[in-house]
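Some notes on the structure that comes next.
Numbering (the working numbering), first residue to last: 131 to 360.
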């Protein structure tokens with residue numbers, strides 16, 4: 131179970147964790163679709179924009195983040211177009227099954243699954259209907275050294291979804307760069323990261339030109355999600 135739904139999980143994807151629900155709440159708060167924001171999420175100012183919200187979930191895995199945002203938006207009668215991307219075809223197969231299980235037949239045309247390498251993409255796949263309002267991502271962020279000392283319960287999860295380069299920050303530089311190209315003015319990027327990476331991710335966001343950069347703590351008190359807007 132994750133957020134308010136049950137997701138199918140396979141050996142090729144990360145198991146959704148409760149800490150990641152903060153990323154969902156951050157996205158929903160920005161889209162002005164969170165009824166009772168608690169904790170640090172209250173610091174996010176909602177965007178006031180009509181029309182269809184264009185949202186991308188990059189490094190989507192099971193699709194739990196994007197689909198949770200999508201589900202809440204549709205439940206409240208809000209219009210949303212969701213792009214879910216991953217480099218792994220097996221992860222996309224898992225996400226596709228979750229779309230089948232959780233999205234109504236009439237809404238399935240509002241969700242697109244895309245194979246894409248975040249480290250190589252130019253982002254054009256996500257802007258066919260206009261620039262995006264929101265990008266969310268829970269990318270790989272384990273450092274090379276940490277990979278050697280992973281606890282047993284994580285060892286069985288896919289290496290591709292864990293390894294974030296020598297310092298664990300490889301994907302954040304790329305996400306910030308891509309987002310600058312494909313977000314609308316006042317659009318937002320929200321990412322999950324390790325509890326000791328907040329300061330470095332904030333620096334990446336700030337140097338990339340994001341404003342209102344802030345890091346939110348999860349309910350365990352750990353820095354978990356960094357948010358910024360253009």
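Ideal Cβ positions, reconstructed from N, Cα and C, are used throughout, including at glycine.
- Pairing residue 200 with residue 138, the inter-Cα distance amounts to about 17 Å.
- With contact defined as three or more Cβ pairs closer than 8 Å, the stretch 235-254 and the stretch 207-224 are in contact.
- Within its own chain, the residues whose Cβ lies closer than 7 Å to the Cβ of residue 142, once the five positions on either side in sequence are excluded, are 218, 220, 221, 224 and 288, listed in chain order.
- Here DSSP, grouped into helix, strand and coil, assigns residue 258 to coil.
- Just so you know, the alpha carbons of residue 349 and residue 148 end up roughly 9 Å apart.
- Between the stretch 182-189 and the stretch 164-172, the count of Cβ pairs shorter than 8 Å is below three; the stretches do not touch.
- A straight-line Cα-Cα distance of about 26 Å links residue 330 and residue 214.
- Per DSSP, residue 343 has no beta bridge partner at all.
- Put simply, the backbone Cα of residue 327 is about 8 Å away from that of residue 299.
- Straight-line spacing of the CA atoms in residue 160 and residue 179 works out to 11 Å.
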